[in-house]
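Undergrad:
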Amino acid sequence: MSSSDILKTIGSIYCVGRNYADHAKELNNPVPKEPIIFTKSTACIVPFEGKIFIPDNLGRCDYETEIAVQLGNDLYQANQDRVLEALSCVGIALDLTLRDRQNELRAKKYPWVLAKSFVNACPLSKFRQLNDSKEIEQLEIKLEINGELRQQGSTKQMVFSIPDLITFISQNIPLRSGDIVLTGTPANVGPLKNHDYLVAFLNGEAIAEAEILRT
Ligand code: ZN
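The opening position of the sequence shown corresponds to residue 169 in our numbering, with each subsequent residue numbered one higher.
Written out as structure tokens, the structure is:
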């Protein structure tokens with residue numbers, strides 16, 4: 169499915185905080201005992217290709233490279249078997265985050281939404297069908313910026329597996345076919361600069377690249 173096709177099919181975007189222990193540690197957060205779920209607005213989806221514009225007046229904007237999965241069925245209070253059946257497509261998302269803004273909001277115990285749903289805050293690669301139900305436990309992502317490796321993570325390092333995350337979300341929220349779940353970032357998040365060139369890899373294959381413009 170091409171990036172532009174998937175933009176039309178996405179219902180809601182659910183995200184998971186601190187799903188890699190090494191990332192929780194780098195931001196001085198405890199590893200959670202149950203998944204931390206938040207959302208991003210679908211209005212901030214942008215194809216992860218070409219040039220991605222991020223206004224320069226928003227403070228520090230961090231990249232967070234994440235495995236993203238799309239559901240092919242509705243799910244509510246589903247068991248793991250139904251979740252595995254529903255997992256349809258996989259791609260890479262950048263959960264772009266206004267870190268200064270997020271820290272201010274956290275200090276006030278406010279929700280994070282203002283730090284997570286600014287314009288172009290959700291670049292998405294092309295998505296492809298998952299090969300089989302085993303593949304969901306064997307996904308690896310990598311992000312290079314200007315030719316240098318910045319982030320690397322695999323489903324094996326996750327605090328909560330993708331099926332466990334979706335089972336948990338579905339206990340609480342009715343999920344719809346077309347919804348996507350961003351499954352958390354590995355360590356080594358950092359700020360984006362004007363003209364940074366990003367290449368994202370899924371299981372070793374470069375599937376998305378874009379230049380950042382901050383002006
Ligand atoms: Zn994230």
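From the three backbone atoms N, C-alpha and C, an ideal C-beta is built for every residue, glycine too.
(1) Select from 195, 244 and 185 the residue whose C-alpha is nearest the C-alpha of residue 201.
(2) Given 8 Å as the limit, is there contact between the segment 186-196 and the segment 222-230, that is, 3 or more CB pairs closer than that?
(3) So if DSSP puts residue 208 in a beta bridge, which residue, or which two residues, is it bridged to?
(4) What's the call for residue 373, buried or exposed, on a 16-neighbour Cβ count within 10 Å?
(5) Tell me which residues share the same chain as residue 212 and place their Cβ nearer than 7 Å to its Cβ, disregarding the 5 neighbours each side in the sequence.
(6) Taking residue 256 as part of the beta strand (DSSP E), name the residues at either end of that continuous run.
(7) Taking the C-alpha atoms as reference points, what is the distance between residue 340 and residue 242?
(8) Counting by C-beta, which residues lie closer than 5 Å to a heavy atom of ligand 1, in chain order?
(9) Taking DSSP's pairing of strands, which residues face residue 219 in a bridge?
(10) Please go through the segment 287-331 and give each complete beta strand (DSSP E) segment of 3 or more residues, from N-terminal end onward.
(11) When DSSP labels each residue in this structure, what does residue 347 get in the three-state scheme?
(12) Just checking, does the segment 353-366 make contact with the segment 303-320 on the three C-beta pairs under 8 Å criterion?
(13) Between which residues of its own chain and residue 330 is the CB-CB distance below 7 Å, once the five residues before and five after are set aside?
TA: According to the structure data:
(1) 185
(2) no
(3) Its beta-bridge partners are 181.
(4) Counting Cβ neighbours within 10 Å, residue 373 comes out exposed, since fewer than 16 surround it.
(5) Counting only Cβ-Cβ distances below 7 Å, and skipping sequence neighbours, we find 285, 286, 287, 288, 289 and 290.
(6) 255-262
(7) Computed Cα separation, rounded: 13 Å.
(8) Sorted by chain position, residues whose beta-carbon lies closer than 5 Å to a non-hydrogen atom of ligand 1 are 232, 263 and 353.
(9) Partner(s): 379.
(10) 290-292, 308-313 and 316-322
(11) coil
(12) yes
(13) 237, 304, 323 and 351
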